[in-house]
Amino acid sequence: KAKPGERPTQLAYAKKGIITPEMEYIAIRENLRLQAARTEAAPRRHDLNFQHAGHSFGAALPKEITPEFVREEVARGRAIIPANINHPELEPMIIGRNFLVKINTNIGNSAVASSIEEEVEKMRWSIKWGGDTLMDLSTGKNIHQTREWILRNCPVPVGTVPIYQALEKVNGRAEDLTWEIFRDTLIEQAEQGVDYFTIHAGVRLAFIPMTARRVTGIVSRGGSILAKWCLSHHKENFLYTHWDDICDIMAAYDVSFSIGDGLRPGSIADANDEAQFAELKTQGDLTKRAWERGVQVMCEGPGHVPMHMIKENMDKQLEWCHEAPFYTLGPLTTDVAPGYDHITSAIGAAMIGWFGTAMLCYVTPKEHLGLPNKNDVREGVIAYKIAAHAADLAKGHPAA
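Heads up: the sequence shown begins at 98 in the numbering used here, then just goes up one per residue.
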């Protein structure tokens, strides 16, 4: 942990003009394919290295990634380097619109299924198959031990949703949650080495009635937990009111924000409604406040969105969230294919990745049906690696 008042974050260093070792490593890593592309690029269409120009929708894709370019993107808030100072096993990577599109994989045990060994095995294989980051969404027993085993063996950034563990501490009763319990959970996970936290601070009391007219209501687990707390106490979300305190805790360990979309649409009927966009605007306000306190930020996005409504999400996020990296769950482009949602969501993921999303959260065939096993993880990762590559090609990324 940093000394009081110190903020050893990649954002703070970048704003001071300091190029960190992580930034140098990332420049080398992102350039690996560029070297080959420059030497092998061919103007002839029948050559395997031929690439169309692409359309980047205003992204500033460089011909070569330099450490200085990485620093500039981080300083502007357009990219983040999730790297907790307590996660030395990490190989630094970057999430941003002007870099290769990344994918996240989700694992985690529940009260009824899975063991620590199974989760570590899923983590190992998800990385082997191509996952760029990992989220541990464990909700059952042994959350702390499961996370410790994952972190100590994981070379990619690890994210969590701290409200899940806080809820376990109050025996699953959302109304019994307090700021003090949540704060202690944040510190516990930051000390372990978690690289980014999903914080559902955009689920504000005034927005909850907007979901009453929805077909599927609030489908985010974190969002529903906070909505239950707000309605039980008829008070503003304590994550929103304590935002500056959360920023100070995260800055001390260089934990990045993934500002949660607790009001994301759970069906295409609810896509782009007033609740979703009210939360997105709040995410933008919270982003600026986090930047002022030296904390890196990415914003989470939907969800279930039909193809013709996807670009509106990206355009509004770029405008309202000041070009902070967008991190989306798909989106799923139709609701009619449970069991095949790695396909329905990869379609939307490829589109929104092309429009400017920095990281895609994979969806497995078990989405809406149950907990994924190792093979489901594989199917989800492969679908999303293809979607991310298709997006990079469409953007005209030189390393695609």
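Quick reminder that beta carbons are idealized off the backbone N, C-alpha and C, glycines included.
(request) Select from Pro252, Leu129 and Gly174 the residue whose C-alpha is nearest the C-alpha of asparagine 181. (result) Pro252
(request) At 4 residues or longer, and completely inside the segment 262-314: list those alpha helix (DSSP H) runs for me, N to C. (result) 276-289
(request) Using DSSP bridges, identify the partner residues of valine 255. (result) Leu231
(request) Figure out for me which residue from Gly205, Asp229, Val209 and Ala210 has the closest Cα to the Cα of lysine 219. (result) Gly205
(request) Output the boundary residues of the beta strand (DSSP E) element that contains valine 394. (result) 394-398
(request) Pair every Cβ in the segment 282-289 with every Cβ in the segment 253-263, then say whether three or more of these pairs are closer than 8 Å. (result) yes
(request) Using DSSP bridges, identify the partner residues of alanine 176. (result) Gly193
(message) Please classify glutamate 188 as buried or exposed, where buried requires at least 16 other C-beta atoms within 10 Å of its C-beta.
(response) exposed
(request) Hey, could you find the ends of the beta strand (DSSP E) lysine 199 is sitting in? (result) 199-204
(message) With distance defined between alpha-carbon atoms, name the residue in Tyr437, Thr384 and Trp451 nearest to isoleucine 177.
(response) Thr384
(message) For glutamate 277 and phenylalanine 166, I'd like the C-alpha separation in whole angstroms.
(response) 40 Å
(request) Please classify leucine 158: does DSSP put it in a helix, a strand, or coil? (result) coil
(message) Considering only DSSP beta bridges, list what leucine 457 is partnered with.
(response) Ile200 and Thr425
(message) Among Ile162, Tyr110 and Lys98, whose alpha-carbon lies nearest the alpha-carbon of tyrosine 122?
(response) Ile162
(message) If you follow the beta strand (DSSP E) that isoleucine 182 is in, where does it begin and where does it stop?
(response) First-last for isoleucine 182: undefined, no H or E at that position.
(request) In the DSSP assignment, find the unbroken alpha helix (DSSP H) run with isoleucine 365 in it and report its ends. (result) Unbroken run through isoleucine 365: none, as it is neither H nor E.
(request) Spatial neighbours of valine 52 within its chain, please: CB distance less than 8 Å, with the 5 preceding and 5 following residues excluded, ordered by chain position. (result) Residue 52 falls outside the range modelled here, since the chain spans only 98 to 497, and no answer is possible.
(message) Do asparagine 334 and valine 300 have their beta-carbon atoms positioned less than 7 Å apart in this structure?
(response) yes
(message) Rounding to the nearest angstrom, what Cα-Cα distance links methionine 448 and alanine 487 in this structure?
(response) 9 Å
(message) Quick check on DSSP: helix, strand or coil for phenylalanine 147?
(response) coil
(request) Would you please state the rounded distance, in angstroms, between the beta carbons of proline 362 and histidine 405? I believe it to be under 8 Å. (result) That pair is no contact at about 15 Å.
(message) On the CB-based measure, 16 or more other CB atoms within 10 Å of its CB, does aspartate 367 come out buried or exposed?
(response) buried
(message) Suppose you measure from the CA of isoleucine 305 to the CA of alanine 324; what does that come to, to the nearest Å?
(response) 7 Å
(request) With DSSP collapsed to three states, give me the class of histidine 330. (result) helix
(message) What does the alpha-carbon distance come out to for the pair lysine 238 and threonine 295?
(response) 20 Å
(request) Rounded to whole angstroms, what's the CA-CA distance from serine 212 to glycine 493? Just pull it up for me. (result) 42 Å
(message) Just to confirm before moving on: does the CB-CB distance between histidine 439 and alanine 484 stay below 7 Å?
(response) no
(request) Look at the Cβ atom of proline 428, then the Cβ atom of proline 399, and state whether they are nearer than 7 Å. (result) yes
(message) Just list the residues that DSSP pairs histidine 401 with in beta bridges.
(response) Leu429
(message) So if DSSP puts isoleucine 356 in a beta bridge, which residue, or which two residues, is it bridged to?
(response) Ile296 and Cys396
(request) May I have the straight-line CA-CA distance separating methionine 411 from threonine 425, to the nearest angstrom? (result) 10 Å
(request) Look at the alpha carbon of threonine 313 and the alpha carbon of leucine 360, and state the distance between them as a whole number of angstroms. (result) 11 Å
(request) Please report how far the alpha carbon of histidine 465 lies from the alpha carbon of isoleucine 315, in whole angstroms. (result) 14 Å
(message) Please state whether the Cβ-Cβ distance between cysteine 418 and glutamine 373 is less than 7 Å.
(response) no
(request) Can you have a look at alanine 387 and say buried or exposed, based on whether 16 or more other CB atoms are within 10 angstroms of its CB? (result) buried
(request) Using the Cα positions of threonine 461 and phenylalanine 154, report the straight-line distance between them to the nearest angstrom. (result) 29 Å
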